[in-house]
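Just below is one structure, and these are the notes that go with it.
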Amino acid sequence: LLRGEDPVDDATEINVPFFSYFITDKLFQDLGKAIANSPTLKSLEVVGSEVEEHFSIYGQFEYELRFLKYVNRNRTLQHLLLRDIHGDEAIQRLNIFLRENDNLQSFEMFESFSFDTIAITHFKCALSCRKFPLKRIAFGMCRIRNDMINDIVSFFTTYPILTPQSISLVEGQIGDEGCSIISEVIRNSSINLEEIELLGNEMTSSGFRCIAAALICRTRPLKRLSIGIYHENDRAIDSEVIEFLEKFSSKPEHLPDRLILGGNHISHNGLRQLGNFLSNRVSSLEMLELNFVYFSSGGLRAFFEGLQDNPQNAPKHLNFADTDLYDEDYLNPTMAISEFLLRPNCSVERIFLENQDFQLDDEKLEIFVNVLG
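See the structure below:
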């Protein structure tokens, strides 16, 4: 498939996990050479060895390093994702690839403890040598700190033409200081930024407000924003969410097309206010994601009650994936959702309900079927 010898099914995407105890050198070399020379491969995900930080690079990363050498020779790749790839030498080989492969459009790295300030410097150097900017850069669980954010942002302000359209910095150590730096990038009209993801960091309500103020100053809204507030005591963030939204009261068209408020605790009162805010304004928001949000008792019904005055203003897409929607005060989530969908002029087109704690039995399924019918 990788060599393009199969006339029916070209290989355009492959996931390569490393199981060092089972893969043979011959198989490894054949796979590496095929990837290096593949005329069709567009997307590659490499999953490295899950090792602890104090382990030596010698031996543990042998396959990963050799494999990156093969990857460096490929010139058709457009999307590269690396997970659990560690060590300075691996980062150096990666930077060679970023510098020399102008077809690459997106680069994502997850769970790498080797990405430090020195690695950022080399990364910036590689990006500055490219003929074309990457469309997406993502770092997840790579311990991105405030000082590293300053280093990254300084590069984008110096070379705005090389700024990607999508930047993801999730599950890091970015606090309010980092949010203040990022807000300057959001305000900068010469930077063509369309998506930013900041979930799972350490910002407080101050950082939340800073990002909102920057969004209002933009000439056009972001296409996607994912953001959350860090609270050790897991208190409800109703006031922060409402304050964030109220900043858009006079300019609802500046709301992102897709807003993700994941990983937080919002009470039923906060959810009602959220629904009410959206109901009373015609905004640019098309998709609202509340996945991994803890809904307190009555929360789901309160959200839809807030939306009911003007259901035509509701986002077209609602995402409740991985959220506990079981509602003690109401029969079940299907009733609350179905009741809203039956309202005249309801604009909702898609609702996501993956991975719920409640069981979708025959009775609940029948409710949905009747609504859809």
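For what it's worth, my numbering labels the leading residue of the sequence shown as -19, then goes sequentially. All C-beta atoms, glycine included, are put in the ideal place defined by N, C-alpha and C.
Where does residue i fall in DSSP's three states?
i	result
R281	helix
L265	coil
V27	strand
Q292	helix
R323	coil
I71	helix
L62	strand
F228	coil
Y310	At Y310, the pLDDT of 47 sits below 50, so the modelled position is not reliable; the number obtained from the coordinates is stated separately. Of the three classes helix, strand and coil, the one that applies to Y310 here is coil, per DSSP.
G152	coil
M183	coil
F48	The displayed chain sequence assigns Leu, not Phe, to residue 48. Reduced to three states, the DSSP call for L48 is helix.
L235	coil
S170	coil
L345	helix
L21	coil
Does the beta-carbon of residue i have 16 or more other beta-carbons within 10 angstroms, so that it is buried, or is it exposed?
i	result
C122	buried
D68	exposed
V349	exposed
L322	exposed
C190	buried
F112	exposed
L7	exposed
F(-1)	Because F(-1) sits at a pLDDT of 48, beneath the cut-off of 50, its placement in the model cannot be relied upon, and the following sentence gives the value as read from the coordinates. Exposed: under 16 other Cβ atoms inside 10 Å.
S247	buried
S36	Bear in mind that a pLDDT of 34 at S36, under 50, signals an unreliable position, so the number given afterwards is only what the model happens to contain. Label assigned to S36: exposed.
I207	buried
L195	buried
P355	Residue 355 cannot be examined here, being either before or after the span of the chain that is shown, -19 to 353.
D356	Because the chain is modelled from -19 through 353, residue 356 falls outside the range shown and cannot be assessed.
Q253	buried
F200	With the sequence shown as reference, residue 200 is identified as Arg, and Phe is not the correct amino acid for it. R200 should be labelled exposed.
L345	exposed
I171	buried
Q292	exposed
S219	exposed
N244	buried
E177	buried
C159	buried
P324	exposed
N299	buried
In the DSSP output, what is residue i paired with across the bridge?
i	result
N299	E269, F332
I176	I147, L205
F275	I246
Identify the continuous beta strand (DSSP E) that holds residue i and give its terminal residues.
i	result
R55	Here R55 belongs to no beta strand (DSSP E), and DSSP marks it neither H nor E.
R167	Segment 156 to 167 is the alpha helix (DSSP H) holding R167; no beta strand (DSSP E) there.
I240	238 to 240
If you follow the alpha helix (DSSP H) that residue i is in, where does it begin and where does it stop?
i	result
R198	Note, R198: premise wrong, no alpha helix (DSSP H); not H, not E.
I217	Where I217 is concerned, there is no enclosing alpha helix (DSSP H), given that its DSSP letter is neither H nor E.
R252	248 to 259
I15	5 to 17
Does the ligand GTP have even one heavy atom less than 6 Å from the beta-carbon of residue i?
i	result
N249	With respect to small molecules bound, the structure shown includes none, and the ligand GTP cannot be examined in it.
Segments of 4+ residues assigned as alpha helix (DSSP H) that fall wholly inside the region 73 to 149
97 to 108, 126 to 138
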